[in-house]
Structures are given as structure tokens and as C-alpha cells.
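Okay, so here's the structure we're looking at.
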Amino acid sequence: MKQQLAELIATVLRQLQAEGILPTDELPAVQIDNTKDKAHGDLATNIAMVLAKKAGKPPRELAAAILGAMPANNLVAKADIAGPGFINFFIASEAQLAVVSQILAEADRFGCVNAGKGEKVQVEFVSANPTGPLHVGHGRGAAIGDCLCRLLEATGWRVTREFYYNDAGAQIGNLARSVQARALGLGPDDHGWPEDGYRGEYINDVAQSYLAGDRIDADDQHVVGAKDPHDAEAIRHFAVAYLRREQDLDLKAFDVCFDTFYLESSLYTEGKVDAAVEQLVANGYTYEHDGALWLKTTAFGDDKDRVMRKTEGGYTYFVPDVAYHLDKWQRGFTRVINEQGADHHSTITRVRAGLQALKAGIPDGWPDYVLHQMVTVMRGGEEVKISKRAGSYVTLRDLIEWCGRDATRYFLVSRAATSQLVFDVDLAVAKSNDNPVYYIQYAHARVCSVLRQADEKQLPWDQAQGLASLEQLTTTHETDLLNMLARYPEMVSVAARDLTPHVIAQYLRELAAALHAWYNAEQFLVEDAALRNARLALAVGTRQVLRNGLGILGVSAPESM
RNA sequence: CCGCUCGUAGCUCAGAUGGAUAGAGUACCGCCCUCCGAAGGCGGUGGUCGCGCGUUCGAAUCGCGCCGAGCGGGCCA
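Each residue of the first sequence is one higher than the one before, starting from 179 at the first, in the working numbering.
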């Protein structure tokens, strides 16, 4: 609707140019806003104020000229000039009502667009090291990353979900030593416990499983415990597989699936790290200093150069990252989005610098990043501390068990990623009106319930009659709801473009509120069949949009609760 | 010391491209079920948008400078 109106106005502006009322410079894009105050109509534009200076006319005079040149159309019922020069449009009710039949016709596809044109995009998220269960921070990454994928899919992209895990670094050695110590009967405070070892009780679970000779089937690997507490290599393999399986179970409980699990170790075994390093050396962006090999990241905006190969010979962590991202590029992903915790933001400059130094034709600024800030968990009015090393921390699975998958997903995705998040367990657990998840789901269930009642009361729901009688929808609650429904496609497009899934969560809360308010004000199941079916058409359309939006969030839309 | 993110109602947070009287939830105080699910609705109290300067018709939004918080800045990841 906005777009149609913007095009209409653009046509008028071109006509005014032809008439010499406007200069023939390039015209700015016509901005159409939703109004906050109903007295200002449904939509408004500031175009007269924007162009006033160029036209050499007062904004209100220019606005009058624009309105005077508006051709007849079936979109706008009335237009006013207001305030300093806004043009306020009152949308014709036929145009407003049309959204209902559009929703019912498009159903699950309502809100989808083809902005991505079927192009490939890879989203990498979670990417937790296999050294422990997923914690709340990973959960936020999982919720945001998965919703980004769903948004991109809804807007015409072909999405690949990828999980990268570090199975080759120092942390894995630490994990293996910790499990071995447990297998040898040591505790975290005993003599001989590895320095900085993982102290969590789950380490003991891994050790006991290893000693019992359990078979582990993880997403991408299968290992049997060798039982020998002195075989460090066997323990390492077993521990990685065990914790990978734990993470698989966490993700499954969260309803997050990946297309690819990418092992850091494969970058080494396939020579991709060495190849990347050789290319960087050949391109002249490296130098030896103090026995280490350095990358001139300062050539690409970093504030200091970074060590690539340590004095003792191993690579620093960002080197395999660079090789990994080169591999992504070579797999044909011209668009890549990495969702990570903001505590890793310093790697962005290094990875991008390394990729530029490779001279592989990768555009500057590739790949994209979405960084989420920390999560604080509150329970019983107190902060639950998260400390992996100390062993006591809230896992994602704890949260899912406490609050349910739907509430956990909703809470973790409902705030802007750039904001720190306070996860209130008591609120998420509440099956009450305090809880926004239940509030939205209840709106959906309520419409389902009304339809069940319609059957029982022999007041049948007739879609064709409903769509033919939409002009019966005249109350302010109904026009509010119609306006909200018409905005949904724009919400999806904006959320996908800006990579901000929380926009959908906020929108759904408002949509649910509009439905509840209407429900309380009007009876749907009335004797008058035309009115009843018109209202049911709007209710069913609202249910569809609630369902579509919840689908973007990965939250279920129950028929009863 | 430097970089990134943030600072909006008592609390948790929205406010895309600068727009009209800054919003929602929660908390607190009142109302509304002989009626489709009260897991709901309606109304009220509550604000120097951290502070200052600037840009302009107009700034919570953009720029600069402070103040405060979180996270980074290591041959840790």
C-alpha cells in the first residue's frame, strides 16, 4: 500500500517537473510514514517539506500543488495538508479491506517477498567449541541466527545454516586433560588436577561414560569409549564426540537444525591453513619478527599488526578463521552472515584484513556480522552467575526445561541484538498475562476457539460470504487491525534487510493486543450471517499472520492452550 | 590509554530511512464476565530520552565533546 502511494506521488512529482513547478533535478525517494495519531489519517508523507527549498515555495503551498495534481485513484479517500506541511492520506476502505482476501489467498506465503532472488546466503551461528554444554549466550545466538535464516528464506534467499567448531585448539587439549583427570579419579581441587581445567560436573559424566565403553553417535561422528584412562588421544576423541552429541541434543530441543557442521581440524588435514598462509606470504603482507610470523593487518585498518605463527610454531586462532572464510568464499557464498557473541568482535577486523591480504577477489567488508550482547539470567530476583570453568552455570537445556522451548526462543530473540538482555526466568515460566509469549499464542488459540464455537453453535463460518461482506467491518478496532495486518509484509522485509528479528517479536505483541482488544469489544458469533462472516474473515486473517510471524520466530502457534 | 556496544517511565525494553503531543509491558491504583476462553479488556499515576554544544523548517534518532555501564584490545580462543 505504501509503495503504491509512493509511486502515485512520484508520478505527480514528475508531472510538476514537466509543468515547471518543480526543478528538474533528481527527485528524492518519496517517504511514506505510518501515522501515530489517527487524526492524521492512515499514511503521511513529508515530501512537500523535503522539496520546499528546491521549489522555492512554502511547504504547505507545494503540498497543495501536489494534491491538486493527484489523479483519481481508488487508494486514497481523502487527503489533508497538516502541520508544517505534511500530507495526510486517509486510505479508502475498499483498499484497506483488500488485505484480508490477500492474506487468505496467500496463506503461509503472506508476507514473503523475493528480495533475495534465489541467491545463496550462508549463515554461520552458534559455533560453540565442543568443550561443554551450550549456555544461555549460545542460546541467544541460536535463536537470533535461526530467525535470521527464517527471515532470509521468507524474503527469497537460499539459506545454508552452518556450525563451525574448534576441535583442534588449545581448549580441546584442556578438555581432554580434564576428562582424563576425572577418569583417573581426581577432582578439581585435588593435587594433579590440570591448571585451568574444566571443573564442571559434566566432565565427570564424560569420564564415566568413557570408562564404561559407551558408544557415542553425534551428528557427524561415532566413537566408542576405549576405557583406558591413560590413552590421552582416545579420551580426546571421545570427549569431543560426547560433547558434540550433548550440543546436538541441546539444539534439537531448541528446534535448530544445521545443514553443515564444519570442523576446524579439516582445515589442517586438507592443507587449507598452510595454503592460506603461503598466499599471504607470497602477497607480501607478512614479516618475521621476534621469531614469530606477523600479518600486516594495519594495511587494512587494524590498529596493530597481529602474530600469525607463534614462536613455538603453532598458528594463532585467527589464521584458521581466515582459511575458513576463504573456503566459504570458494564454496560460492557471495553473501555470508556470521552471528557471534560481541565478545569476539575483535576478530572481525583481523579476519577481514586477512581476506583482503589474500587478494582473492573478496569484496572489502565481506562477510557480514551480527553480534549479540551478553545475557544475564535472573531467577527468584537474583542473578544466576554463568561460569563454565567453575562448573556451575545455566545451560540452554536448563532454560528450555524451566521455561519451555517457545518462551525461551521468544525471550532470546525479542530484544535488539545490540542490547544486553536480562532473561527473567520467573517471567518466562509464568503461564499468565505477564508473559508475552502466552499473550501472542493465546490470541492465536482464541481465534481457533471461536471457530470451534461457531461449529458448536451452528453458526457456520463461510469464507466466501465473509470476503463479500468485508465492508461491514467499520469499528475502530477493526480498522486498526486491518492497518496492522497490512504492515506485516513491510515488517518482514525490514527485519530481513536490517537483520533484526526482534522487530517481528515486537510486532506480534502489538498484533495480538489489537486482536484481544477487538475480541473484548465485539461479539464475533452473531446471528447476522454477513456481519459474522466478515468478522470471522478478519479473525482468520489475523490468525494467519500470527501463525506466519510465530513461524519466523520458530515459536509454535497452538490451537488450544 | 585505545576500540566496539549501550544509556529512553521504579523495573524490562521498543522507537528503519531525522517528523506532528516520546510508546509498550511490568509495577502501583480503579473499573469490566447471566456474553465466542478473564491466559483477556478499559481507564489512571509515572519522563530534564545520561549531560552539553552543533547541524536544520524539525533531533531520542545525525556530528563533536564529556559522564557512566558492559565487552574487547595477549605469541589465549
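Yeah, the Cβ is synthetic: ideal placement off N, Cα and C, and Gly gets one too.
If you're wondering where the values come from, they're calculated on a predicted model, not measured in any experiment.
### Query
Contact between the stretch 248-268 and the stretch 625-639: three or more CB pairs below 8 Å?
no
### Query
For the candidate residues 404, 204, 501, whose alpha-carbon lies nearest to that of residue 447?
On the first sequence, residue 447 is found 269 positions in, with the first residue counted as 1. Among 404, 204, 501, the Cα nearest to that of residue 447 belongs to 501.
### Query
In the structure shown, what three-state DSSP assignment does residue 345 receive?
If you number the first sequence from 1, residue 345 lands on position 167. Residue 345: coil per DSSP, three-state reduction.
### Task
Compute every distance between the C-beta of residue 300 and the non-hydrogen atoms of the ligand NAP, then say whether any falls below 7 Å.
For the ligand NAP, the structure offers nothing, since it holds no ligand at all.
### Query
Are the stretch 504-522 and the stretch 472-479 touching, with three or more C-beta to C-beta distances below 8 Å?
no
### Task
Spell out the partners DSSP gives residue 616 in its beta bridges.
Mapped onto the first sequence, residue 616 falls at position 438. Its beta-bridge partners do not exist; DSSP assigns none.
### Task
Less than 8 Å between the CB atoms is what I'm expecting for residue 190 and residue 247, so what's the real figure, rounded?
In the first sequence, the residue the question calls residue 190 occupies position 12. In the first sequence, the residue the question calls residue 247 occupies position 69. Sure, about 5 Å apart at Cβ, within 8 Å.
### Task
Pick helix, strand or coil for residue 259, following the three-state DSSP scheme.
Counted from its first residue, the first sequence places residue 259 at position 81. Strand at residue 259.
### Message
Assuming contact is defined by CB atoms lying nearer than 8 Å, are residue 601 and residue 556 in contact in what I supplied?
### Response
The count along the first sequence starts at 1 and reaches residue 601 at position 423. The count along the first sequence starts at 1 and reaches residue 556 at position 378. Closer than 8 Å, so yes.
#### Entry: Backbone secondary structure at residue 478 - three-state DSSP
What you label residue 478 is simply residue 300 of the first sequence in a count that begins at 1. Helix, per DSSP.
#### Entry: Sequence-distant residues of its chain with Cβ nearer than 7 Å to residue 220 (five each side left out)
As a first step, residue 220 is located in the first sequence; it is residue number 42 there, counting from the start. So the list reads 213, 267, 268, 269, 661, once near-sequence residues are dropped.
#### Entry: C-alpha distance - residue 567 paired with residue 228, whole-angstrom precision
Taking the first residue of the first sequence as position 1, residue 567 is located at position 389. Taking the first residue of the first sequence as position 1, residue 228 is located at position 50. Unreliable placement is indicated for residue 567, whose pLDDT of 49 sits below 50; the coordinate value is still reported in the next sentence. Computed Cα separation, rounded: 58 Å.
#### Entry: Span separating the alpha-carbon of residue 285 from that of residue 722
Locating residue 285 in the first sequence gives position 107, where the first residue counts as 1. Locating residue 722 in the first sequence gives position 544, where the first residue counts as 1. Using only the alpha carbons, I get a separation of about 6 Å.
### Query
Which runs of the beta strand (DSSP E), 3 residues or longer, sit entirely within the stretch 352-400?
393-395
### Message
Rounding to the nearest angstrom, what Cα-Cα distance links residue 370 and residue 387 in this structure?
### Response
Here residue 370 corresponds to residue number 192 of the first sequence, with the count starting at 1. Here residue 387 corresponds to residue number 209 of the first sequence, with the count starting at 1. The alpha-carbon atoms of residue 370 and residue 387 are separated by roughly 22 Å.
### Task
Return the chain-ordered ranges of every alpha helix (DSSP H) run that is complete within the stretch 499-558 and spans a minimum of 4 residues.
524-535
### Task
Buried or exposed for residue 197, please, with buried defined as at least 16 other CB atoms from any protein chain shown within 10 angstroms of its CB.
Walking along the first sequence from the start, residue 197 turns up at place 19. Its Cβ having fewer than 16 others within 10 Å, residue 197 is exposed.
### Query
Where are the beta strand (DSSP E) runs, 3 residues long or more, that stay fully inside the stretch 271-329, in chain order?
298-302
### Query
beta strand (DSSP E) containing residue 700: first to last residue?
The count along the first sequence starts at 1 and reaches residue 700 at position 522. Note, residue 700: premise wrong, no beta strand (DSSP E); not H, not E.
### Query
Beta-carbon separation of residue 353 and residue 309 under 8 Å?
Here residue 353 refers to the residue found at position 175 when the first sequence is read from its first residue. Here residue 309 refers to the residue found at position 131 when the first sequence is read from its first residue. A contact, by the Cβ cut-off of 8 Å.
### alpha helix (DSSP H) segment containing residue 601, residue limits
Position 423 of the first sequence, counted from the start, is the residue given in the question as residue 601. No alpha helix (DSSP H) holds residue 601; the beta strand (DSSP E) holding it covers 599-602.
### Task
Report buried or exposed for residue 720, applying the criterion of at least 16 other Cβ atoms within 10 angstroms of its Cβ.
Residue numbering aside, residue 720 sits at position 542 when the first sequence is read from its first letter. Looking at its Cβ environment, which holds 16 or more other Cβ atoms inside 10 Å, residue 720 is buried.
### Query
Whole beta strand (DSSP E) runs in the stretch 185-220 with 3 or more residues, listed along the chain?
210-212
### Task
Identify every run of the alpha helix (DSSP H) within the stretch 430-470, keeping only runs that are complete inside it and at least 4 residues long; order them along the chain.
442-447, 450-460
### Query
Where does residue 444 land, buried or exposed, given buried means 16+ other C-beta within 10 angstroms?
To locate residue 444, count along the first sequence from 1; it is residue 266. Exposed, by the Cβ-count rule.
### Query
Measuring CB to CB, does residue 496 end up less than 8 Å from residue 535?
Indexing the first sequence from 1 puts residue 496 at position 318. Indexing the first sequence from 1 puts residue 535 at position 357. Against a cut-off of 8 Å, the Cβ pair of residue 535 and residue 496 comes out as no contact.
### Message
Rounding to the nearest angstrom, what Cα-Cα distance links residue 701 and residue 184 in this structure?
### Response
Here residue 701 refers to the residue found at position 523 when the first sequence is read from its first residue. Here residue 184 refers to the residue found at position 6 when the first sequence is read from its first residue. In a straight line, the C-alpha of residue 701 is about 37 Å away from that of residue 184.
### Query
Under the three-state reduction of DSSP, which class applies to residue 228: helix, strand or coil?
Numbered from 1 along the first sequence, position 50 holds the residue referred to as residue 228. Residue 228: helix per DSSP, three-state reduction.
### Query
Around the Cβ of residue 400, are there at least 16 other Cβ atoms within 10 angstroms (buried) or fewer (exposed)?
Within the first sequence, the letter at position 222 stands for residue 400. By the 10 Å Cβ count, residue 400 comes out exposed.
### Message
Out of 373, 544, 300, 291, which one is the CA nearest neighbour of residue 349?
### Response
For this step, residue 349 is matched to residue 171 along the first sequence. Closest option to residue 349, Cα to Cα, is 373.
### Query
Based on Cα-Cα distance, which residue from 490, 593, 279, 289 lies nearest to residue 670?
For the purposes of this step, residue 670 is identified with residue 492 of the first sequence, where counting begins at 1. Here the closest residue by C-alpha is 289.
### Task
Tell me whether residue 481 is buried or exposed, calling it buried when 16 or more other Cβ atoms sit within 10 Å of its Cβ.
Locating residue 481 in the first sequence gives position 303, where the first residue counts as 1. By the 10 Å Cβ count, residue 481 comes out exposed.
### Query
Would DSSP call residue 266 helix, strand or coil?
Mapped onto the first sequence, residue 266 falls at position 88. Of the three classes helix, strand and coil, the one that applies to residue 266 here is strand, per DSSP.
### Query
Would a C-beta distance cut-off of 8 Å place residue 361 and residue 394 closer than the cut-off?
As a first step, residue 361 is located in the first sequence; it is residue number 183 there, counting from the start. As a first step, residue 394 is located in the first sequence; it is residue number 216 there, counting from the start. Not a contact, by the Cβ cut-off of 8 Å.
### Query
Quick one: any contact between the stretch 582-599 and the stretch 315-329, if contact means 3 or more CB pairs under 8 Å?
yes
### Query
Since residue 583 and residue 428 are thought to touch, with beta carbons under 8 Å apart, how far apart are those beta carbons, to the nearest angstrom?
Your numbering for residue 583 matches position 405 in the first sequence. Your numbering for residue 428 matches position 250 in the first sequence. About 11 Å; that fails the 8 Å criterion.
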